[in-house]
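Here is the structure we will look at, set down as C-alpha cells.
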Amino acid sequence: MPGLDEVFYPESVAVVGASERNVSYYVESMVEAGRVKVFVVNPNYDEVLGLKSYPSLLDIPERVDYVVVAVPAKQTPDILMDCAEKGVKAVHIFTSGFSETGLEEGRVLEDRLVEIARQGGFRIIGPNCMGVYCPESGLRFSHDQPDEPGPVAFLSQSGGRAVTVVLKARLRNVRFSKVVSYGNACDLDFADFLEYLKDDSKTSIILAYVEGFKKTDGLLELLKETCMRKPVVILKGGLSEEGARAAAFHTGSLAGSAKVWDGLCKQAGVIQVDDFDDLLDVAVGFLYSKPPEGRGVAIVTNSGGSSVVYSDICARYGLRVPRFDEETQRRLRSFIPVAGSSIKNPLDAWMAFSRGKLFDALDAVASDNNVNSVVIEIQPESFHAYARNRLDRMGAMADVVISSCRHVVEEHGKPVFMVVNSSYYHETELAIARVFQGAGLPVYSSLQGAAKAISKMYWYKRFKDARGGMPVGAHT
Numbered sequence: 001m002p003g004l005d006e007v008f009y010p011e012s013v014a015v016v017g018a019s020e021r022n023v024s025y026y027v028e029s030m031v032e033a034g035r036v037k038v039f040v041v042n043p044n045y046d047e048v049l050g051l052k053s054y055p056s057l058l059d060i061p062e063r064v065d066y067v068v069v070a071v072p073a074k075q076t077p078d079i080l081m082d083c084a085e086k087g088v089k090a091v092h093i094f095t096s097g098f099s100e101t102g103l104e105e106g107r108v109l110e111d112r113l114v115e116i117a118r119q120g121g122f123r124i125i126g127p128n129c130m131g132v133y134c135p136e137s138g139l140r141f142s143h144d145q146p147d148e149p150g151p152v153a154f155l156s157q158s159g160g161r162a163v164t165v166v167l168k169a170r171l172r173n174v175r176f177s178k179v180v181s182y183g184n185a186c187d188l189d190f191a192d193f194l195e196y197l198k199d200d201s202k203t204s205i206i207l208a209y210v211e212g213f214k215k216t217d218g219l220l221e222l223l224k225e226t227c228m229r230k231p232v233v234i235l236k237g238g239l240s241e242e243g244a245r246a247a248a249f250h251t252g253s254l255a256g257s258a259k260v261w262d263g264l265c266k267q268a269g270v271i272q273v274d275d276f277d278d279l280l281d282v283a284v285g286f287l288y289s290k291p292p293e294g295r296g297v298a299i300v301t302n303s304g305g306s307s308v309v310y311s312d313i314c315a316r317y318g319l320r321v322p323r324f325d326e327e328t329q330r331r332l333r334s335f336i337p338v339a340g341s342s343i344k345n346p347l348d349a350w351m352a353f354s355r356g357k358l359f360d361a362l363d364a365v366a367s368d369n370n371v372n373s374v375v376i377e378i379q380p381e382s383f384h385a386y387a388r389n390r391l392d393r394m395g396a397m398a399d400v401v402i403s404s405c406r407h408v409v410e411e412h413g414k415p416v417f418m419v420v421n422s423s424y425y426h427e428t429e430l431a432i433a434r435v436f437q438g439a440g441l442p443v444y445s446s447l448q449g450a451a452k453a454i455s456k457m458y459w460y461k462r463f464k465d466a467r468g469g470m471p472v473g474a475h476t
C-alpha cells in the first residue's frame with residue numbers, strides 16, 4: 001500500500017462531482033495555490049470553473065495521484081473502482097451517508113469502500129470529512145488557507161472545526177505543516193497519521209481533535225514515543241455520555257471512558273485541553289516560547305484592579321503568584337512611588353511605564369528567584385489614551401514593551417507571555433496583538449488562556465524531564 005507521502009504530496013488531483021455549486025472551493029483554492037495540477041470530473045458539464053470537465057476519471061489522459069470524491073454515497077463505490085483502474089494512490093471521500101448514520105446500509109457501504117481500496121492499492125481519507133491541507137504541496141480544502149507552511153500539524157475528526165482552527169490560527173500567527181480532517185476513518189485513522197507526523201521533520205507540534213479511535217493496538221506506545229519527540233496536544237470529544245452519543249452520530253466513533261483516556265494521557269505525556277481555544281493557546285505557547293522552569297508567575301499589568309482575581313486564576317491551574325523577595329521590592333520602590341501603585345505581585349506597572357522605567361521593572365521582576373515566567377497584561381484602553389490614537393506613539397510604546405520582553409527572555413532565560421485584553425477599542429487591540437505576534441511573543445486574549453497554556457507547558461516539561469527527554473524549546 002502507498003505511504004502517506006502520497007497522501008500529502010500528490011502532483012495531480014481530480015475532484016469528482018465538482019460544479020459551480022458543489023465543492024467548488026476545493027477546485028478554486030487548489031488552483032489558486034498553483035502547486036498541484038487540478039482536474040475536474042463531472043459528466044454533466046463540459047467545463048467547471050474554467051477547467052475542462054471530464055466524463056470520468058478514466059477519460060483524463062494524464063496520471064492522477066489523488067482524488068476528491070464528492071458524489072452521492074451510493075455512487076462512491078463505482079468511483080473508487082475507477083480510482084483502482086487509474087492507479088490513484090490516495091482518495092479523499094468528502095461524501096457522508098456511511099457508518100456515521102448508524103444504519104446497517106451505511107456500514108456495509110463503508111466496508112465496501114475499504115475492500116475496493118485494499119484490492120486497488122490506494123488509501124482512503126474519510127469518508128465524511130474535509131480532507132487534507134498541506135501548504136507545501138498545494139492541497140487545500142477551503143478558501144483563505146495560507147500558502148506559507150509552519151511547524152504545527154492538526155488532526156481533526158471534525159471537518160468544520162478543521163476549517164475554523166486553520167483560520168483562527170492565521171489570526172494568531174500560527175501556520176501549519178499539515179492538517180487532516182479524516183471523519184469516519186474507515187481506512188487511515190488517527191494512529192496512521194500520528195505515526196507519520198512523529199517522524200515528520202516539517203512538524204514540531206501536533207494538535208488533534210479526536211472523537212474515537214479505530215486502531216488501538218500499540219496506540220499507547222505510539223503516543224509515548226511521539227510525546228518524547230514533540231508536544232502532542234489533544235482535545236478529546238465524547239468523554240460524557242451525551243458527548244459519546246454525539247460522537248457516534250457525527251463520525252460513527254466509539255468514544256471510550258474518560259478515566260481510561262485520562263490515564264492513557266498521563267502515561268504517554270499527552271497534553272489534554274478542554275476546548276478548541278485551548279488547543280491554539282497551548283500551540284502558541286510552544287511555538288513562541290520555551291516552558292517555564294517552575295510554577296512561579298509574575299503578573300505585570302497596568303492596572304491593579306484585577307490582582308485578586310488573577311492570583312485565583314493562576315492558583316486554579318496549579319501556578320503560584322509568589323511574593324517578590326526583598327531585593328526585588330527594593331529595586332521596584334526606587335522608581336515606583338508609594339502613592340497610587342503597588343510593588344506586590346501582581347505588579348501594577350503603570351507608573352513605571354509612564355516614567356520610562358518598564359525595562360527596569362521587568363528586569364527587577366525577572367531577577368527574582370521566585371519567578372519562573374512573566375505575564376504582561378496590556379489593556380488597549382491605556383495604550384489608546386496614552387497614544388491619543390496616534391500610530392507613531394503607539395508603535396513607540398510597543399517597541400519599549402518588546403525590547404523589555406526580549407531582555408527578560410535573552411538575559412534571564414525566563415519566558416514572557418503577553419495578554420492583550422478584548423476592548424472597546426478593537427482596532428487598537430488587534431494592532432497591538434499583531435505587533436507583539438510579529439515580534440515573536442506568545443499573545444493571549446485573557447490571563448486565563450495564558451495561565452492554562454503555561455500550566456500545560458510546565459506539566460509537559462516535567463513529564464519529559466522525568467524520563468530523560470530532550471529539552472523543550474520554542475519552535476520559531
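Per our numbering, residue 1 is the first one in the sequence shown, and the count goes up by one each step. Ideal Cβ placement from N, Cα and C applies to all residues, glycine included. This one's a predicted model, so the numbers in the text were calculated from it and none came from an experiment.
Closest Cα partner of residue i within the set the options
{"i": "V232", "options": "F193, F94, A352", "result": "F193"}
{"i": "L188", "options": "G131, F176, K168", "result": "G131"}
{"i": "A505", "options": "A73, L80, P2, R21", "result": "Only positions 1 to 476 of the chain appear in this structure, which leaves residue 505 out of reach."}
{"i": "V67", "options": "K74, L155, A84, G440", "result": "A84"}
{"i": "Y54", "options": "V16, E32, V23, R35", "result": "V16"}
{"i": "S56", "options": "V41, V48, L49", "result": "V41"}
{"i": "S24", "options": "E47, P10, R355", "result": "E47"}
{"i": "R323", "options": "C265, L347, T301, S306", "result": "L347"}
{"i": "Y34", "options": "G106, P146, T76, R112", "result": "According to the sequence shown, residue 34 is Gly rather than Tyr. If we check each option's Cα against that of G34, P146 comes out closest."}
{"i": "A90", "options": "A18, E11, K74, F98", "result": "E11"}
{"i": "I125", "options": "F8, I205, G87, I402", "result": "F8"}
{"i": "E293", "options": "E105, I376, V371", "result": "V371"}
{"i": "A366", "options": "K344, R333, H407, R355", "result": "H407"}
{"i": "S446", "options": "R330, S306, F190, K214", "result": "S306"}
{"i": "A208", "options": "M397, S156, Q329", "result": "S156"}
{"i": "A466", "options": "V375, I299, G269, S334", "result": "G269"}
{"i": "G160", "options": "A169, S201, S181, L171", "result": "S181"}
{"i": "V88", "options": "L235, A70, L103, G121", "result": "G121"}
{"i": "V401", "options": "T301, R63, F154, K37", "result": "T301"}
{"i": "P43", "options": "S29, L58, V31", "result": "L58"}
{"i": "R355", "options": "E136, P471, F335, D368", "result": "F335"}
Contacting residues, own chain, Cβ-Cβ under 8 Å from residue i (five flanking each side not counted)
{"i": "V174", "result": "G150, V152, L280, A283, V284, L287"}
{"i": "T164", "result": "F276"}
{"i": "A73", "result": "T95, S96, G97, F98, G106, L109, P127"}
{"i": "R112", "result": "P77"}
Neighbourhood of residue i by C-beta, 6 Å cutoff - its chain only, sequence neighbours within 5 removed
{"i": "K456", "result": "I271, V282"}
{"i": "A385", "result": "none"}
{"i": "F39", "result": "A14, I60"}
{"i": "S96", "result": "N128"}
{"i": "A248", "result": "Residue placement at A248 is flagged as unreliable, the pLDDT there being 46, under the threshold of 50; a coordinate-derived value is accordingly withheld."}
{"i": "H250", "result": "Residue placement at H250 is poorly supported in this model, since its pLDDT is 44, which falls under 50; the coordinates still yield a value, given next. Excluding residues within five positions, none has a Cβ falling inside 6 Å."}
{"i": "Q437", "result": "N173, V443"}
Simplified DSSP state of residue i, which is helix, strand or coil
{"i": "E20", "result": "coil"}
{"i": "E11", "result": "coil"}
{"i": "K230", "result": "coil"}
{"i": "V174", "result": "coil"}
{"i": "F39", "result": "strand"}
{"i": "A466", "result": "helix"}
{"i": "G131", "result": "strand"}
{"i": "L219", "result": "helix"}
{"i": "K461", "result": "helix"}
{"i": "I271", "result": "strand"}
{"i": "S29", "result": "helix"}
{"i": "G438", "result": "helix"}
{"i": "S181", "result": "strand"}
{"i": "A298", "result": "strand"}
{"i": "R393", "result": "helix"}
{"i": "A247", "result": "Confidence in A247 is poor, its pLDDT being 45 and thus under 50, which makes the residue's placement unreliable; the coordinate value appears in the next sentence. In this structure, A247 counts as helix in the three-state DSSP scheme."}
{"i": "F193", "result": "helix"}
{"i": "A70", "result": "coil"}
Beta-carbon proximity list for residue i, same chain, < 7 Å, skipping 5 on both sides
{"i": "G469", "result": "M228"}
{"i": "E195", "result": "L222"}
{"i": "G296", "result": "R320, P322, N370, V371, N372"}
{"i": "K214", "result": "A185, D189"}
| said: For the structure I just gave you, are there three or more beta carbon pairs, one from the segment 101-117 and one from the segment 141-148, closer than 8 Å? | reply: Verdict: no, contact absent.
Worksheet entry | Touch test, the segment 407-421 against the segment 376-386, Cβ-Cβ under 8 Å, three pairs minimum | For the pair of segments examined, the segment 407-421 was found to touch the segment 376-386: the number of CB pairs separated by less than 8 Å reaches three.
Is it the case that the segment 457-464 contacts the segment 431-439, given that we only count it when at least three CB pairs across the two stretches are under 8 Å? No contact exists between the segment 431-439 and the segment 457-464.
Check whether the segment 443-453 and the segment 299-315 are in contact - that is, three or more C-beta pairs closer than 8 Å.
Using a C-beta cut-off of 8 Å, the segment 443-453 makes contact with the segment 299-315, since at least three inter-stretch Cβ pairs fall below that distance.
| Three CB pairs or more closer than 8 Å across the segment 437-446 and the segment 398-416 | As far as the Cβ criterion goes, the segment 437-446 touches the segment 398-416, which means the pair count is three or higher.
Quick one: complete beta strand (DSSP E) runs, 3+ long, within the segment 324-389?
Runs found: 373-378.
Fully enclosed by the segment 80-135, which beta strand (DSSP E) runs are 3 residues long or longer? Qualifying beta strand (DSSP E) stretches, in chain order: 90-93, 123-125, 131-133.
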